[in-house]
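Colleague: Numbering (my numbering), first residue to last: 263 to 776.
Positions of the beta carbon are idealized from the N, C-alpha and C atoms, including for glycine.
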Amino acid sequence: MQRRDALKSALAIALLGGVPRVLAQATTTANAAAPSTRFTVETVPDLARALARQPYRAPDETLPAALDTGYDAYRDLRFDPQQAIWRKEGLPFQVQMFHRGFLFKQRVELYRVEGDSATPIAYTTELFSFPPGTKPELGSDLGFAGFRVHTPLNAPDVYDELIAFLGASYFRALGKGHAYGLSARGLALGSGDAGAEEFPIFRAFWIEQPAPGADHLVVHALLDSASVAGAFRFDMKPGVETVIDVQSRLYPRVDLGRAGIAPLTSMFEFDAGDRVGTDDYRPAVHDSDGLAIFNGHGDQIWRPLSNPPRVQSSAFMDTHPRGFGLMQRKRGFGDYADIEARYHQRPSLWIEPRGRWGKGAVTLVEIPTGDEYHDNIVAFWRPEKSLRAGREHRFDYRMHWCDTHAWQSALAVVSDTRIGAAPDPTRRLVVIDLEGGRLASMPRDAKLTPDVWATRGEVSGAVVYPNPETQGWRLSFEFRPNTDSADGRDVELHARVLEGHAPLSETWLYRWST
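Below is the structure:
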């Protein structure tokens, strides 16, 4: 784990801790036999329901002083890969554990499931190599902070990291050829709101033993926080596009009016078209460059991300959304020129709801940041109605850890957005490059219509014309903000390309702030 990635994970965590009472009878120690218990598909939902009926207990973060360390010492606290679960059996997936320490102080209970039997994974210091002077006494039962899964992702004879669960309810996954980038969470509570955000945690995981030659792995998780308990099931299938089917059941202790379903967390510092005040050799620094939405009406939307001067939230109202995600569309090394960070290999993450989610809004939160170590982008689905206490609420979805969209769009997509000075100093020039879809096969002399408008201010000079360098098309226009009124502070710009009245491109949306 690189320092940058560890700091990004740790800085996002505000609630970590120990074992709830409902799990007390199932815990084990390194010196005790590990009793097996019966496990079914209803085991974790039953535990979550029972947990939700109890008062919340904040987790214990107590660690020996030698392990209450900084990043450098924690980096050297390593799991022995020779002792990975299922390594000796030669199964297609292997599990390695994270030790508690640094900012990852919560104890997470881990179980391996074989058939209908669940056995606790016993902690022992012999599973890890410790920095000098930090190894606990023999027989200590400090437990694990999380785990990661390895599988032959990029080559048939090499077990590469596929997914890691570490800290609160955070996890990250990879497709073939990817480098770790954005993260997902089990649940967001209060993200982007005026009050304090609440961070639910995964208290325990049950990992099903895969069959020889299996192409997928199933993991169950128990979620808990002051406001809600929950049961999650992750069915993950690695590949060029790693797909994870998520089943989530939530059991609120109180009515939840600000829940974020399928939350994504990313970073956007600057881009080639949005780098005012930036002095950096790299053209762009971001894990994601835009929010894509496929709404319930069949409209496709692209919202470029920004590093705003102040926190800003945007809500895209919808009914039964078809999908949304934080995407990394620029894929060339030259787009970032960063050998170590490999931003051009960071995955996109597309959320595909399963079933009907009803009314609500895809919500985007953008937070100012001055560096690449702080995640400052959050996206999630917020239901219109509160999730009522004492009831079960289900949200199932498919996650696509991919390069581009999980579906082949018939519309052209935005490949780049650039904004700069116009000849008139009171105006700004906006240039949008479009690629793919039916637009790509249109004759170069086609009569296409730029459909551009703004909620405030003045749009002029909109034109659409071929871009021979990309074999796509370019849409450009000038915009004069309304700076004479406070109402002109935030403006929504809309742009797309039409043939007659039919759209040929997705809709580009941009939030203009002064």
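Taking the alpha-carbon of residue 606 as reference, which of 547, 655, 634 has the nearest alpha-carbon?
Modeller: Here residue 606 refers to the residue found at position 344 of the sequence shown. The candidate whose alpha carbon is nearest that of residue 606 is 547.
Colleague: Quick test of the definition: if touching needs 3 or more C-beta pairs under 8 angstroms, does the stretch 562-571 touch the stretch 593-603?
Modeller: no
Colleague: Between residue 395 and the rest of its own chain, which residues show a CB-CB distance below 8 angstroms, the 5 nearest in sequence each way excluded?
Modeller: Translated into positions along the sequence shown, residue 395 becomes position 133. Answer for residue 395: 328, listed in chain order.
Colleague: Consult DSSP for residue 760 and reduce its assignment to one of helix, strand or coil.
Modeller: Your numbering for residue 760 matches position 498 in the sequence shown. Strand at residue 760.
Colleague: When DSSP labels each residue in this structure, what does residue 703 get in the three-state scheme?
Modeller: As a position in the sequence shown, residue 703 is number 441, starting the count at 1. Reduced to three states, the DSSP call for residue 703 is helix.
Colleague: Could you check whether residue 630 and residue 573 sit closer than 8 angstroms to each other, using their CB atoms as the reference points?
Modeller: Here the question's residue 573 lines up with position 311 in the sequence shown. Here the question's residue 630 lines up with position 368 in the sequence shown. Closer than 8 angstroms, so yes.
Colleague: Between residue 491 and residue 310, is the Cβ-Cβ spacing less than 8 angstroms?
Modeller: The sequence position of residue 491 within the sequence shown is 229, counting from 1. The sequence position of residue 310 within the sequence shown is 48, counting from 1. Contact flag set, yes.
Colleague: The alpha helix (DSSP H) spanning residue 737 covers which residue range?
Modeller: Locating residue 737 in the sequence shown gives position 475, where the first residue counts as 1. Note, residue 737: premise wrong, no alpha helix (DSSP H); beta strand (DSSP E) at 734-742.
Colleague: Is residue 430 close to chain B? Criterion is C-beta to C-beta, closer than 8 angstroms.
Modeller: As a matter of chain content, chain B is missing from the structure shown, which is built from one protein chain.
Colleague: One question on the structure: do residue 484 and residue 473 come within less than 8 angstroms of each other, judged by their Cβ atoms?
Modeller: Position 222 of the sequence shown, counted from the start, is the residue given in the question as residue 484. Position 211 of the sequence shown, counted from the start, is the residue given in the question as residue 473. Cβ distance not < 8 angstroms, so residue 484 and residue 473 don't count as in contact.
Colleague: Can you list the beta strand (DSSP E) stretches of 3 or more residues lying completely in the stretch 505-550, in chain order?
Modeller: For the stretch 505-550, whole beta strand (DSSP E) runs of length 3 or above, ordered along the chain, are 521-528, 530-532.
Colleague: Of all the options 637, 465, 575, which has the alpha carbon lying nearest to the alpha carbon of residue 319?
Modeller: Within the sequence shown, numbered from 1, the residue matching residue 319 stands at position 57. Nearest C-alpha to residue 319: 465.
Colleague: What does the alpha-carbon distance come out to for the pair residue 757 and residue 602?
Modeller: Numbered from 1 along the sequence shown, position 495 holds the residue referred to as residue 757. Numbered from 1 along the sequence shown, position 340 holds the residue referred to as residue 602. Cα to Cα, the separation comes out at about 36 angstroms.
Colleague: Give me the DSSP bridge partner(s) of residue 499.
Modeller: Within the sequence shown, residue 499 is the residue found at index 237, counting from 1. Answer by DSSP bridge pairing, in chain order: 505.
Colleague: In the DSSP assignment, the beta strand (DSSP E) including residue 375 goes from what residue to what residue?
Modeller: On the sequence shown, residue 375 is found 113 positions in, with the first residue counted as 1. Unbroken beta strand (DSSP E) run through residue 375: 371-376.
Colleague: How would you label residue 698, buried or exposed, when you count the other beta carbons within 10 angstroms and need 16 or more for buried?
Modeller: Against the sequence shown, residue 698 aligns to sequence position 436. By the neighbour-count rule (16 or more Cβ atoms within 10 Å), residue 698 is buried.
Colleague: DSSP on residue 316, reduced to helix/strand/coil?
Modeller: The count along the sequence shown starts at 1 and reaches residue 316 at position 54. Coil at residue 316, not helix or strand.
Colleague: Is there contact here, the stretch 440-459 with the stretch 513-528, by at least three beta-carbon pairs under 8 angstroms?
Modeller: yes
Colleague: Hey, quick one: how far does the beta strand (DSSP E) through residue 772 stretch, first residue to last?
Modeller: Walking along the sequence shown from the start, residue 772 turns up at place 510. Boundaries of the beta strand (DSSP E) around residue 772: 769-775.
Colleague: With a 10 Å radius around its C-beta and 16 neighbouring C-beta atoms as the bar for buried, classify residue 489 as buried or exposed.
Modeller: Along the sequence shown, read from residue 1 onward, the residue named residue 489 stands at position 227. Residue 489 comes out buried.
Colleague: Quick check on the DSSP output: the alpha helix (DSSP H) that includes residue 334 runs from which residue to which?
Modeller: On the sequence shown, residue 334 is found 72 positions in, with the first residue counted as 1. Start and end: 333-337.
Colleague: Could you round the C-beta distance between residue 520 and residue 455 to whole angstroms and report it? I think they count as a contact, below 8 angstroms.
Modeller: Working through the sequence shown from its first residue, we reach residue 520 at position 258. Working through the sequence shown from its first residue, we reach residue 455 at position 193. The pair is a contact, with the Cβ atoms about 6 angstroms apart (cut-off 8 angstroms).
Colleague: Please name the residue or residues paired with residue 644 in a DSSP beta bridge.
Modeller: Against the sequence shown, residue 644 aligns to sequence position 382. According to DSSP, residue 644 bridges with 623.
Colleague: When DSSP labels each residue in this structure, what does residue 595 get in the three-state scheme?
Modeller: Taking the sequence shown and counting its residues from 1, the one referred to as residue 595 is at position 333. Three-state result, residue 595: helix.
Colleague: Tell me which residue opens and which closes the beta strand (DSSP E) that residue 711 is part of.
Modeller: On the sequence shown, position 449 is the one that residue 711 refers to. Its beta strand (DSSP E) spans residues 711-716.
Colleague: Are residue 408 and residue 392 touching if we call contact CB-CB under 8 angstroms?
Modeller: Counted from its first residue, the sequence shown places residue 408 at position 146. Counted from its first residue, the sequence shown places residue 392 at position 130. Going by C-beta atoms, residue 408 is not nearer than 8 angstroms to residue 392.
Colleague: Rounded to the nearest angstrom, what separates residue 291 and residue 323 at their Cα positions?
Modeller: Walking along the sequence shown from the start, residue 291 turns up at place 29. Walking along the sequence shown from the start, residue 323 turns up at place 61. Its pLDDT being 36, under 50, residue 291 is placed unreliably by the model, and the measurement read from it follows with that caveat. Each residue's alpha carbon lies about 17 angstroms from the other.
Colleague: Excluding five sequence neighbours on each side, which residues of the same chain lie with their C-beta closer than 7 angstroms to the C-beta of residue 385?
Modeller: As a working note, residue 385 is residue 123 in the sequence shown. 292, 403, 404, 405, 406.
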